[in-house]
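Read in order, the letters of the first sequence are residues 2 to 699 in my numbering. The beta carbon of each residue, even a glycine, is placed where N, CA and C say it ideally should be. Below: the structure, in structure tokens.
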Amino acid sequence: MSDEPGIYPARPRRAPAPPPAVFVHDLNAQQSAAVAHGDGPLLIAAGAGTGKTRTLVHRLAHLIRQGVPADRVLLLTFTRRAAQEMLMRAERLAGADGRRVHGGTFHGTAHRLLRRFGAAAGLSPDFTILDQGDSEDLLQLSRAQLGYADTKRRFPKKATLQWVYSRHVNTDVPVEQILRDELPRFAELAPDFQRLFADYTERKASRNLVDYDDLLLFWATLLESAPVIADRITGLYDHILVDEYQDTNLLQARILRGMCRSHRNLTVVGDDAQSIYGFRGASFRNIIEFPQDFPGTRVIALEQNYRSTQPILDVANLVMSRAAQRFTKVLWTTREGGERPWLVTAEDEQSQTRFVVDRLLELHEDEGIPLREIAVLIRAGYMSADLEIELTNRRIPFRKWGGLKFLEAAHVKDVLAFLRVLENPRDEVSWYRVLLLLPGIGDVTARAAIDSLLAAAWEADAFSRFEPPPRARAAHRALVALLDELRRRPSAGVAAGQASTDIARVRALYDDILRERYDRAEPRLADLDQLQTIAAGYPDRGTFLSAIALEPPSATQDLAGGGDEENDALVISTVHSAKGKEWDAVFVIWAADGWFPMARSIDDDEELEEERRLMYVALTRARRHLAVVHPLHAYATRRGADYSLDQLSRFIDPGVRALMERVTLSADGSLTPTEEIVPVTSTVDLRAMLRRRFTSSD
DNA sequence: TTTTGAAGTCTCTCC
DNA sequence: GACTTCAAAA
2 MSDEPGIYPA RPRRAPAPPP AVFVHDLNAQ QSAAVAHGDG PLLIAAGAGT GKTRTLVHRL
62 AHLIRQGVPA DRVLLLTFTR RAAQEMLMRA ERLAGADGRR VHGGTFHGTA HRLLRRFGAA
122 AGLSPDFTIL DQGDSEDLLQ LSRAQLGYAD TKRRFPKKAT LQWVYSRHVN TDVPVEQILR
182 DELPRFAELA PDFQRLFADY TERKASRNLV DYDDLLLFWA TLLESAPVIA DRITGLYDHI
242 LVDEYQDTNL LQARILRGMC RSHRNLTVVG DDAQSIYGFR GASFRNIIEF PQDFPGTRVI
302 ALEQNYRSTQ PILDVANLVM SRAAQRFTKV LWTTREGGER PWLVTAEDEQ SQTRFVVDRL
362 LELHEDEGIP LREIAVLIRA GYMSADLEIE LTNRRIPFRK WGGLKFLEAA HVKDVLAFLR
422 VLENPRDEVS WYRVLLLLPG IGDVTARAAI DSLLAAAWEA DAFSRFEPPP RARAAHRALV
482 ALLDELRRRP SAGVAAGQAS TDIARVRALY DDILRERYDR AEPRLADLDQ LQTIAAGYPD
542 RGTFLSAIAL EPPSATQDLA GGGDEENDAL VISTVHSAKG KEWDAVFVIW AADGWFPMAR
602 SIDDDEELEE ERRLMYVALT RARRHLAVVH PLHAYATRRG ADYSLDQLSR FIDPGVRALM
662 ERVTLSADGS LTPTEEIVPV TSTVDLRAML RRRFTSSD
């Protein structure tokens, strides 16, 4: 069943060498071959649940045992968490040396290298990292300064500006073309975008700021244009291993090419069918073209799935087989039996929620599955609102992954802005944010204050000499006193942690402002307590600020305190955040057209394909129990939506349905076999076809 | 100039 | 239906 013609150049043409005896019990033939691969580029095309992490960990351990110094191995992963998990496992296999492997995300590694080598290329080593929101704010400042705020002409909002900028940097596609392809209504504004981005770039440079995209871009640039530094950097590592390669973008591919100038020991692992970060500029073409990029690549495919039962794999495989571009792998397992995945038709959202809660309690109480082994997967963060309320009412503990981030909350960013001003007095974004918090200071006064700082060359106490308008005098004095106090802190390295102490002092001023601004202050104050607790875990303020920008604590579970294993809780996760994870039982809810796939992706073939891969990722998270749920009558009308919603996701087509146990939820909560054919959105979208007639360029 | 209230815009995924 | 932007009042 694995004889599908593939786009990968080859199954290994020659039979892999027999694996070393030590691996035989643990790994299958393909995995062993990957682990024991010698030097030179290696592409491991690993389907979902095929032991990809395990293989990578064993390879890591193998390299160390072969005598490669652990600290000369670089492991690049998608999340910080993934890196740590792998290093821990490698440590168990290879001993304490495993811990010395350098592991982290592309961004985290870029950060580390830039702090070390950036200065030699004119980058001040104490730069501040802008997260996406900060980057938007700074673009907004640029925009206002350049006068685009006043024009009556419609101008894109800051989030759009940031998106275009980021897309440009990460994909190398010219701004003009991005606008033409993705935002045609702004196409004629290309020169304005260019002007704005030039100013933004200048502003970042003079304010000592570095955004996410810069981290990667500077790394790539050092490798490509600064031979001496490039030699130092590439000389650090003998082997590079990359996880989730399907989610890298062109810029990251450039970095890898640069890192492999002096050797070609690059191992990448990925699954083109799980490429779900196209919106961030990732392209699964990276993985498909890897063998061309690195001639002599050995390709090893992992297709034996150790995670799911065959009925679950059958459904997932069939969903994926409908992809416009045929993918390569067909997963199989030796795990016989298992129930067919359920397809549950619910009346509406409440009914959907009731099914999920009833069924998960059944699994938990009757079958003894721990709550943490059960997950509810959603396409987007807000889709679990109703479920969360119900779970809270029924006192069922849950943890939510993904979605709105703690650190994106305005009040958290406010407090951090104070610390950032201290850390980098040139941080214009944070100054602006802090100033606007003060009563009596608005946009104009804030700008005037920043201009005065600029004029004083950002000297530390320049702000105390700023003359505020009378109504802001008290606030100004309070802020000056606070900053003074924080600068004259007894001594760095207090046991409690500098950042935590700083936050406590900032809150003496800020908590009142917060109470004034928000109706319900308590939960926000609790957030700040948590922030303080997190901060206590870092040695100093600078480390804390960089760390939280690069590895935000994923939702509340990292913050809740206490071991994850202790408190058993259901997991609610976006599909994106669920990547790489697995559970005994998985519910995929909101499997309705317009929701999953999301409405705005339906008109665009590439985006629709990404939604399909997303569905594939969701389905393949399940080990034994899988239920796909869709509400029939949710919100029939949605502004701007001219296709029918409220119908079963188009990915669950008749063939897929035939492989599932179809049940309908009746009003009393009982399940009956689904009788009638569930209506499915036609693949023909009449309005979209008509629209294309007038918009297509050919 | 700041603040407040009303109209208007677009709805996500994440380092 | 939330968040941003615009317009008027303090």
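Determine the closest residue to residue i out of the options, with distance taken between C-alpha atoms.
| i | options | result |
| --- | --- | --- |
| A302 | G498, A49, T310, P540 | A49 |
| L44 | Q247, S574, G282 | Q247 |
| R208 | L454, D669, K158, A111 | L454 |
| V69 | L237, A475, L124, T56 | L237 |
| V664 | D594, P553, Q353, T334 | Q353 |
| L388 | V358, M321, E368 | V358 |
| D212 | L267, D273, H108 | H108 |
| P426 | E460, T80, D182 | E460 |
| E337 | I313, V320, D428, M321 | I313 |
| R196 | P471, Q146, V481, T346 | Q146 |
| Q32 | R113, T222, N306, P553 | N306 |
| T335 | Q311, E348, M321 | Q311 |
| T575 | L615, F545, R601 | L615 |
Would you call residue i buried or exposed, if buried means 16 or more other Cβ atoms sit within 10 Å of its Cβ?
| i | result |
| --- | --- |
| H383 | Note on identity: in this sequence residue 383 is Tyr, with His being the wrong assignment. When all chains shown are included, Y383 counts as exposed. |
| V269 | buried |
| E611 | buried |
| V424 | Reading off the sequence shown, one finds Glu at residue 424, where the question assumed Val. Buried is the call here. |
| I390 | exposed |
| V445 | exposed |
| V657 | buried |
| H634 | exposed |
| G99 | buried |
| Q351 | exposed |
| D40 | exposed |
| Q533 | buried |
| D244 | buried |
| N318 | buried |
| N266 | buried |
| S263 | exposed |
| V229 | exposed |
| Q141 | buried |
| N171 | buried |
So what does DSSP say about residue i, is it helix, strand or coil?
| i | result |
| --- | --- |
| K401 | strand |
| S136 | helix |
| E304 | coil |
| V174 | coil |
| S309 | coil |
| R196 | helix |
| T129 | strand |
| D585 | strand |
| E552 | coil |
| G105 | strand |
| E290 | coil |
| I573 | strand |
| M599 | strand |
| P426 | coil |
| R622 | coil |
| P655 | helix |
| A642 | Any answer about A642 is weak, because its pLDDT of 42 lies below 50 and its placement is not dependable; what the coordinates show is given next. A642 falls in the coil class under three-state DSSP. |
| H112 | helix |
| H663 | One detail in the question is off: residue 663 reads as Arg in this sequence, not His. DSSP places R663 in strand when its eight states are reduced to three. |
| H631 | strand |
Hey, residue i and residue j are a contact pair by Cβ (cut 8 Å); roughly how many whole angstroms apart?
| i | j | result |
| --- | --- | --- |
| F194 | L180 | 7 Å |
| A536 | A579 | Not a contact, Cβ separation roughly 29 Å. |
| D654 | R380 | Wrong, their Cβ atoms sit about 18 Å apart, outside the cutoff. |
| T675 | S309 | Actually they do not touch by this definition, with Cβ atoms about 23 Å apart. |
| V36 | R66 | Going by Cβ atoms, the distance from V36 to R66 rounds to 11 Å, so no, they are not a contact pair. |
| V572 | R373 | 7 Å |
| R144 | L162 | 7 Å |
| A473 | I451 | In fact, because the Cβ distance is near 14 Å, the residues do not count as touching under 8 Å. |
| D585 | I397 | D585 to I397, Cβ: 16 Å. No contact. |
Q: Would you mind listing the beta strand (DSSP E) stretches within the stretch 316-383 that are 3+ residues and don't spill past its ends, in chain order?
A: Within the stretch 316-383, the beta strand (DSSP E) runs of at least 3 residues that lie entirely inside it are, in chain order, 343-347, 375-379.
Q: Go through the stretch 40-80 residue by residue and report every complete run of the alpha helix (DSSP H) that reaches 4 residues or more, in order.
A: Listed in chain order, they are 53-66.
(Q) Which complete alpha helix (DSSP H) runs does the stretch 199-282 hold, if anything under 4 residues is left out? (A) For the alpha helix (DSSP H) assignment, the uninterrupted runs of no fewer than 4 residues enclosed by the stretch 199-282 are, from N- to C-terminal side, 213-226, 228-235, 251-260.
Q: Give, in chain order, every unbroken run of the beta strand (DSSP E) that is at least 3 residues long and sits entirely within the stretch 441-516.
A: Taking only runs of at least 3 residues, no beta strand (DSSP E) segment lies wholly in the stretch 441-516.
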